[in-house]
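Chemist: Numbering (this note's numbering), first residue to last: 1 to 308. For every residue, glycine included, the Cβ atom is placed at its ideal position computed from N, Cα and C.
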Amino acid sequence: MTSSSRNSESEKSCWVCFASEDDDRDAKWVCPCRCRGTSRWVHHACLQRWIDEKQRGNSSTKVCCPQCNTEYLIVFPKLNKAVYLMDLVDKAIYKTCPFVAGGLFVGSVYWTAVTYGAVTVMQVLGHKEGLNVMEKADPLFLLIGLPMVPVSLILSKMIRWEDFILKLWRKYSPKLPLISYLFSSSNPSMSQRIPADTTTMSDPLSATRILCGALILPTLATIVGKVLFGQVESNFQRTLLGGIAFIAIKGVLKIYYKQQQYVRQSERTILNFEEGCSASSSNNNNNNGNNNNNNNVGNDGNDNGANY
Ligand SMILES: [Zn+2]
Ligand SMILES: [Zn+2]
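1) Checking 8 Å against the spacing of the C-beta atoms, do M134 and V114 come in under that value?
2) Residues in its own chain within less than 6 Å of A35 by CB, not counting five upstream and five downstream?
3) Does DSSP put V224 in a helix, a strand or coil?
4) Taking 7 Å as the cut-off, is the beta-carbon of V30 closer than that to any non-hydrogen atom of ligand 1?
5) Hey, is the region 131-149 in contact with the region 229-249, meaning 3+ C-beta pairs nearer than 8 Å?
6) Can we say the region 257-271 touches the region 150-157, given the rule of at least three CB pairs closer than 8 Å?
7) Going by DSSP, which residues form a beta bridge with C64?
8) Which same chain residues end up closer than 6 Å to W15 when comparing Cβ atoms and leaving out the 5 residues on each side of it in sequence?
9) Measuring from the CB of R310, is there a heavy atom of ligand 2 at a distance below 7 Å?
10) Output needed for A221: all residues of its chain with C-beta closer than 7 Å, excluding positions within five of it in sequence on either side, in chain order.
11) From M148 to F99, what distance separates their C-alpha atoms?
12) Nearer than 7 Å: is that true of the beta carbon of C14 relative to any heavy atom of ligand 2?
13) Kindly examine ligand 2 and report whether one of its heavy atoms sits closer than 7 Å to the Cβ of C65.
14) Short of 7 Å in beta carbon distance, which residues of its chain neighbour N283, apart from the five on each side in sequence? Order them along the chain.
15) Once you ignore the five residues that flank T70 on each side, which residues in its own chain have a CB closer than 7 Å to its CB?
16) Please report the straight-line C-alpha distance between L79 and K91, rounded to a whole angstrom.
17) Check whether the Cβ of C68 sits closer than 7 Å to any heavy atom of ligand 2, and report yes or no.
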């Protein structure tokens, strides 16, 4: 065996710090993976440092050899019983905390719903009568019924009855001359285009808007009831009438608004980009544009007429 081959086979050289056995006689060596040749041996301390760097503080992360991809076998000294128990408890707490936090969240949402339900009952029935009703009711019924108040308000808010009426409207309004005169285009040839559905029928079903709108409805119903139906004695009837009136008024306004948007969409035009192009070929188009503007003004006049 020549001295050079002896060097490469058995002389240890650390692949981290490149020191050989002769540089430090007392150092501890390991061959932790399948690598052979120059990267077979590594100082135990160097590899520890390297693993620390890879794990970045999480001692359970697995680390592999960068060359041969063998996972390093890392063993810990045995725990004594007390520490073992503490380790178990620690892991159990770590795993249960997400569930506890989730439960707390659900619980607080539930109790918020119950409180909202109770406040709404008192708002709708009147303070005294509301309290009376809730005192007489079965507690279990209250625990289920009160949180159903906000839930059912939100669910009913998601029913988009205005869209349904609008659909009927668009189907049958051409047959009613007066209405089609008031609400749709006065230029029938322009309104042939049916706009894309997304822009008109489905405004973004924004969750926060539904939530706010649903939860504020009882308050608005109370206010409208007091303003419009002040002579009604019963709190409940007054609020109910107020709520119906509010929903009806809002529905009509919304339908009107959406229909106007629909008409605007259907009458939109696209202009020529270049000056020369519009001068040579589209005197006609320009005229159309002007007509359109006039129509818009006319429509605005109609808007006002319909509103008041
Ligand atoms: Zn080393
Ligand atoms: Zn290796």
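Modeler: The short version:
1) no
2) First, the amino acid is wrong: residue 35 is Cys here, not Ala. Here the set comprises Q67 and C68.
3) helix
4) no
5) no
6) By the Cβ rule, the region 257-271 does not count as touching the region 150-157, because fewer than three pairs are nearer than 8 Å.
7) E71
8) S39 and V42
9) In the structure as shown, the chain starts at 1 and stops at 308, and residue 310 therefore has no counterpart that could be examined.
10) T239, G242, G243 and F246
11) 24 Å
12) C14: no, Cβ never under 7 Å from ligand 2.
13) yes
14) Confidence at N283 is low in this model, with a pLDDT of 45, below 50, so its placement is unreliable and no value can be given for it.
15) Same-chain partners within the cutoff: C33, R34 and C64.
16) 15 Å
17) yes
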